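The structure under discussion appears below in the form of structure tokens.
Number of protein chains: 2
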Amino acid sequence: MGLSLSRRGLSIPASPIRKLVPFADEAKSRGTKVYHLNIGQPDIATPDEMWERIKKYDEKVLAYGPSNGLLEFRQGLCRYYARHGVNVSPAEIIVTTGGSEALLFAMLATCDAGDEVLVPEPFYTNYNGFAVYGDIKMVPVTAQAEDGFRLPDKAHFAEKVTPRTKAILLSNPGNPTGVVYTRAELVTVAELAREYNLYIIADEVYREFVYDGERYTSIMSLPSIDQHAVIADSISKRFSACGARIGNVVSKNRQLMDSIMKFAQARLCPPTLEQVGAIGALSVPDSYFTGVLTEYQERRDIVYNGIQQIKGAVCRPPKGAFYVIAKLPIDDGDAFAEWMLRSFSLDGATTMVAPAAGFYATPGLGRDEVRLAYVLNATELRHAMQVLAAGVKEYQATVMR
Amino acid sequence: MGLSLSRRGLSIPASPIRKLVPFADEAKSRGTKVYHLNIGQPDIATPDEMWERIKKYDEKVLAYGPSNGLLEFRQGLCRYYARHGVNVSPAEIIVTTGGSEALLFAMLATCDAGDEVLVPEPFYTNYNGFAVYGDIKMVPVTAQAEDGFRLPDKAHFAEKVTPRTKAILLSNPGNPTGVVYTRAELVTVAELAREYNLYIIADEVYREFVYDGERYTSIMSLPSIDQHAVIADSISKRFSACGARIGNVVSKNRQLMDSIMKFAQARLCPPTLEQVGAIGALSVPDSYFTGVLTEYQERRDIVYNGIQQIKGAVCRPPKGAFYVIAKLPIDDGDAFAEWMLRSFSLDGATTMVAPAAGFYATPGLGRDEVRLAYVLNATELRHAMQVLAAGVKEYQATVMR
Numbered sequence: 001m002g003l004s005l006s007r008r009g010l011s012i013p014a015s016p017i018r019k020l021v022p023f024a025d026e027a028k029s030r031g032t033k034v035y036h037l038n039i040g041q042p043d044i045a046t047p048d049e050m051w052e053r054i055k056k057y058d059e060k061v062l063a064y065g066p067s068n069g070l071l072e073f074r075q076g077l078c079r080y081y082a083r084h085g086v087n088v089s090p091a092e093i094i095v096t097t098g099g100s101e102a103l104l105f106a107m108l109a110t111c112d113a114g115d116e117v118l119v120p121e122p123f124y125t126n127y128n129g130f131a132v133y134g135d136i137k138m139v140p141v142t143a144q145a146e147d148g149f150r151l152p153d154k155a156h157f158a159e160k161v162t163p164r165t166k167a168i169l170l171s172n173p174g175n176p177t178g179v180v181y182t183r184a185e186l187v188t189v190a191e192l193a194r195e196y197n198l199y200i201i202a203d204e205v206y207r208e209f210v211y212d213g214e215r216y217t218s219i220m221s222l223p224s225i226d227q228h229a230v231i232a233d234s235i236s237k238r239f240s241a242c243g244a245r246i247g248n249v250v251s252k253n254r255q256l257m258d259s260i261m262k263f264a265q266a267r268l269c270p271p272t273l274e275q276v277g278a279i280g281a282l283s284v285p286d287s288y289f290t291g292v293l294t295e296y297q298e299r300r301d302i303v304y305n306g307i308q309q310i311k312g313a314v315c316r317p318p319k320g321a322f323y324v325i326a327k328l329p330i331d332d333g334d335a336f337a338e339w340m341l342r343s344f345s346l347d348g349a350t351t352m353v354a355p356a357a358g359f360y361a362t363p364g365l366g367r368d369e370v371r372l373a374y375v376l377n378a379t380e381l382r383h384a385m386q387v388l389a390a391g392v393k394e395y396q397a398t399v400m401r
Numbered sequence: 402m403g404l405s406l407s408r409r410g411l412s413i414p415a416s417p418i419r420k421l422v423p424f425a426d427e428a429k430s431r432g433t434k435v436y437h438l439n440i441g442q443p444d445i446a447t448p449d450e451m452w453e454r455i456k457k458y459d460e461k462v463l464a465y466g467p468s469n470g471l472l473e474f475r476q477g478l479c480r481y482y483a484r485h486g487v488n489v490s491p492a493e494i495i496v497t498t499g500g501s502e503a504l505l506f507a508m509l510a511t512c513d514a515g516d517e518v519l520v521p522e523p524f525y526t527n528y529n530g531f532a533v534y535g536d537i538k539m540v541p542v543t544a545q546a547e548d549g550f551r552l553p554d555k556a557h558f559a560e561k562v563t564p565r566t567k568a569i570l571l572s573n574p575g576n577p578t579g580v581v582y583t584r585a586e587l588v589t590v591a592e593l594a595r596e597y598n599l600y601i602i603a604d605e606v607y608r609e610f611v612y613d614g615e616r617y618t619s620i621m622s623l624p625s626i627d628q629h630a631v632i633a634d635s636i637s638k639r640f641s642a643c644g645a646r647i648g649n650v651v652s653k654n655r656q657l658m659d660s661i662m663k664f665a666q667a668r669l670c671p672p673t674l675e676q677v678g679a680i681g682a683l684s685v686p687d688s689y690f691t692g693v694l695t696e697y698q699e700r701r702d703i704v705y706n707g708i709q710q711i712k713g714a715v716c717r718p719p720k721g722a723f724y725v726i727a728k729l730p731i732d733d734g735d736a737f738a739e740w741m742l743r744s745f746s747l748d749g750a751t752t753m754v755a756p757a758a759g760f761y762a763t764p765g766l767g768r769d770e771v772r773l774a775y776v777l778n779a780t781e782l783r784h785a786m787q788v789l790a791a792g793v794k795e796y797q798a799t800v801m802r
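In the order they appear, the protein sequences are chains F and H. For the first sequence, my numbering gives the first residue as 1, with consecutive numbering after it. For the second sequence, my numbering gives the first residue as 402, with consecutive numbering after it.
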């Protein structure tokens with residue numbers, strides 16, 4: 001009899017993106033340039049204010065910080081949220097190791113093993129991972145590519161509610177869809193939460209990335225929602241500081257925060273030095289985001305227009321974050337993504353995409369869809385989209401014929 | 402009907418140490434100096450090599466690193482382990498966010514909800530916390546203050562094994578006891594693991610801190626243990642870098658590491674910049690540890706001798722880590738620790754201790770014990786022990802009379 005692994009250790013999904021990495025490495029070792037549209041790693045420089053604060057740090061000992069995070073950082077976050085219509089105090093914030101841990105804590109504090117979380121699909125794959133950490137069940141409510149992945153109707157959510165349903169989890173602005181929910185859509189979610197006594201865990205890490213003059217609405221800016229709403233947040237995308245692993249949870253539900261604080265104490269504290277850097281990043285002027293937003297809006301246009309050049313592709317203009325899910329005229333996104341890396345190049349380059357099936361919980365959905373992250377500069381992105389269009393054509397002609 | 406919290410969110414223990422913090426803050430605001438013997442935050446300077454590497458870092462973007470950690474860091478760790486008699490390759494290491502996450506991943510990958518882990522008690526409180534994350538049951542096997550908390554007999558472990566037992570978890574050198582297990586004791590653990598098909602999760606973060614010429618033995622240096630053994634490690638204590646949150650797991654069990662890798666992918670990566678610093682720290686010369694060890698050995702002596710001055714105290718000389726558990730002639734460690742902060746001072750100072758009951762899973766055990774962390778310089782520590790001795794006397798005379 002061999003040693004057994006836990007069922008959860010077996011059932012936790014391997015990253016559908018990261019499993020393609022060896023093929024990308026092979027392509028690079030053959031001399032092929034790989035355009036990484038597969039992962040949300042922005043190329044924007046991390047603000048100088050963050051680097052400077054880190055380099056000026058002159059403590060002799062890199063010591064534990066508080067389990068709920070440095071007070072100065074939490075105070076800075078309060079001022080930041082106030083500018084986004086959310087008024088909270090430092091006690092209503094707990095700093096976490098990335099948005100990842102914010103999501104994990106929110107889920108563990110609201111759900112026991114076997115409890116259920118409703119989530120519009122397609123959704124960020126790692127929600128599945130955190131669910132497996134705690135034996136929580138993700139229950140998908142399917143959104144449609146054809147309408148730009150708007151929030152499914154209230155009735156579609158309601159029919160999935162069971163006595164085990166504890167929370168609704170949503171990403172707004174949306175990874176992987178680029179959807180930005182309207183205030184009316186969020187009011188629907190709030191109504192569901194009150195009617196069925198559910199928490200709303202809102203992943204709002206992309207709030208700065210909203211295009212075409214649309215407006216992002218925080219779940220916490222709605223009335224009569226304080227006991228239900230939890231924000232999972234992160235500086236990763238906002239300040240192009242994914243490697244800092246600094247995030248936070250926000251809630252006005254005191255009991256919930258007390259519970260999350262105990263999970264936080266068990267792991268002692270989030271990283272001290274990168275938290276110090278984050279304090280610096282909070283001081284960047286608004287012009288930083290204006291510049292970033294202009295850049296991303298151009299990129300969004302390049303990608304969206306690039307998709308329109310692919311005959312048979314379906315996609316609505318994404319309004320937020322820096323992702324889009326496109327339905328492509330292909331048979332299988334996983335096979336296509338692998339083929340692009342292993343068998344295709346144009347002008348010495350290929351484009352790496354994220355197969356979208358991994359963003360769906362319902363088997364069979366999203367097989368002809370891919371997610372594109374527009375995190376490269378305009379010139380590279382334009383070429384990446386030409387390469388992708390040529391790849392689709394060649395794939396149809398050789399693999400699908 | 403109100404919103405419910407998860408049972409696990411309610412059952413996760415609040416930190417028995419951190420709940421005393423408000424009383425320490427009050428004491429400080431009254432002008433009383435508080436000697437922190439309650440927490441393992443060393444005062445030793447973090448090595449210059451770590452700070453320099455961080456300050457030299459000149460990437461423009463603080464980007465995601467690999468989920469399993471930077472290759473250069475894992476390669477450095479391999480050379481480090483080789484010097485400690487453990488030969489591993491970079492693929493047998495996954496970098497984690499602190500030793501905390503190393504323990505969490507090891508437990509989640511080996512245990513499902515309801516599974517059991519045997520652990521000598523008293524044990525590091527946060528083991529309980531990570532168990533609650535995953536609904537895992539900690540099953541204590543009690544060690545005795547009178548013999549310096551040596552490993553309980555094989556029969557004591559064997560009688561606690563059930564079909565749900567998946568692993569033995571131990572800390573060596575030991576937090577909170579200061580015990581250093583002999584090779585013979587570890588061979589016993591290895592026999593148990595093979596006989597009952599269990600994993601051994603060995604928390605070896607204090608390997609540098611061993612006194613009196615004793616030898617630390619890694620679980621992974623034993624023969625025929627490769628499929629069973631997992632090391633949970635951290636740079637926090639070794640390089641006095643608790644705030645870096647850089648740890649790692651090590652195992653030669655390929656399936657187990659594949660499973661842990663998926664947990665690691667879900668949370669993307671450990672902190673990038675502090676990992677870069679850790680690469681620098683790995684280059685410190687052996688003389689760094691010689692100096693540190695000399696310092697700690699002196700501190701150990703001061704604390705041990707200080708305890709001997711307290712009439713009725715019971716304690717064997719701790720051989721490792723920087724903790725000792727002392728049985729004191731008091732009625733209740735929690736009440737005593739609080740009283741020291743709220744009602745006692747000598748020469749304007751008081752001593753903060755960690756009540757030991759929180760380190761036991763068996764109700765009622767450890768009530769007259771406290772843990773002392775010897776992480777202050779010799780002068781302060783001497784005074785802290787005088788204050789403690791005077792405090793015990795006064796507590797007996799006023800509270801226990």
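We treat Cβ as the ideally placed atom computed from N, Cα and C, and that holds for glycine. Only a predicted model underlies this, so the values are computations on that prediction, with no experimental measurement involved.
Quick one: is residue i near chain F, going by C-beta distance under 7 Å?
i: asparagine 778 of chain H; result: no
i: proline 756 of chain H; result: no
i: leucine 421 of chain H; result: no
Closest to residue i by CA distance: which of the options is it?
i: histidine 345 of chain H; options: H:Arg595, H:Glu615 and H:Ala642; result: The first residue shown for chain H is 402 and the last is 802, placing residue 345 of chain H beyond what the model contains.
i: lysine 166 of chain F; options: H:Glu427, H:Ser405, H:Val788 and H:Ala758; result: H:Ser405
i: valine 353 of chain F; options: F:Gly174, F:Pro363 and F:Ala335; result: F:Ala335
i: arginine 475 of chain H; options: H:Gly549, H:Glu795, H:Pro671 and H:Pro756; result: H:Pro671
i: tryptophan 740 of chain H; options: H:Gly692, H:Ala791 and H:Gln710; result: H:Ala791
i: valine 487 of chain H; options: H:Val793, H:Asp733, H:Ala428 and H:Asp627; result: H:Asp627
i: threonine 362 of chain F; options: F:Asp258, F:Pro120, F:Ala106 and F:Ala14; result: F:Pro120
i: arginine 382 of chain F; options: F:Ala106, F:Arg18 and F:Glu298; result: F:Glu298
i: leucine 438 of chain H; options: H:Asp732, H:Leu471, H:Leu773 and H:Asn778; result: H:Leu773
Anything in chain F within Cβ reach of residue i, meaning under 9 Å, just list it in chain order.
i: threonine 511 of chain H; result: Leu3, Ser4, Leu5, Ser6 and Gly9
i: asparagine 527 of chain H; result: Gln265, Ala266, Arg267 and Leu268
i: leucine 674 of chain H; result: Ile54, Gly243, Ala244, Pro271, Leu273, Glu274 and Gly277
i: glycine 648 of chain H; result: Those within 9 Å of glycine 648 of chain H in chain F number zero; the least Cβ separation is about 10 Å.
Using a Cβ-Cβ cut-off of 7 Å, state whether residue i counts as contacting chain H.
i: proline 47 of chain F; result: no
i: proline 16 of chain F; result: no
i: glycine 358 of chain F; result: no
i: glutamine 265 of chain F; result: yes
i: serine 259 of chain F; result: yes
i: glycine 69 of chain F; result: no
i: glutamate 204 of chain F; result: no
i: arginine 371 of chain F; result: no
i: glycine 291 of chain F; result: no
List the residues of chain H whose Cβ lies closer than 7 Å to the Cβ of residue i, in chain order.
i: alanine 113 of chain F; result: Ala514 and Asp536
i: aspartate 43 of chain F; result: Val462
i: glycine 65 of chain F; result: Gly644
Name the chain H residues that come within less than 8 Å of residue i, Cβ to Cβ?
i: lysine 262 of chain F; result: Gly410, Ile413, Pro414, Ala415, Ser416 and Gly530
Starting from residue i, find everything on chain F with Cβ-Cβ shorter than 7 Å and list it in chain order.
i: alanine 642 of chain H; result: Leu62
For residue i, return the contacting residues in chain H, with the cut-off set at a CB-CB distance below 9 Å.
i: arginine 254 of chain F; result: Going along chain H, no residue has its Cβ under 9 Å from arginine 254 of chain F, so there is no contact; the nearest lies around 11 Å.
i: tyrosine 199 of chain F; result: Leu404
Runs of alpha helix (DSSP H) lying entirely within the segment 29-91 of chain F, each at least 4 residues, in chain order = 48-56 and 71-83
Closer than 9 Å, Cβ to Cβ, to anything on chain H: give me those residues from the segment 212-233 of chain F, in chain order.
-> Residues passing the 9 Å Cβ filter: Gln227 and His228.
What are the residues of the segment 80-109 of chain F that lie near chain H, defined by any Cβ-Cβ distance shorter than 8 Å?
-> From the segment 80-109 of chain F, only Thr97, Gly98, Ser100, Glu101, Leu104, Leu108 and Ala109 have a Cβ closer than 8 Å to chain H.
Which runs of the alpha helix (DSSP H), 4 residues or longer, sit entirely within the segment 530-606 of chain H?
-> Segments of the alpha helix (DSSP H) lying fully in the segment 530-606 of chain H: 555-559 and 584-597.
Which ranges does the alpha helix (DSSP H) cover as unbroken runs of at least 4 residues, wholly within the segment 249-273 of chain F, from first to last along the chain?
-> 254-266
Those runs of the beta strand (DSSP E) which lie wholly inside the segment 730-784 of chain H and span at least 3 residues = The qualifying runs are 750-753 and 770-774.
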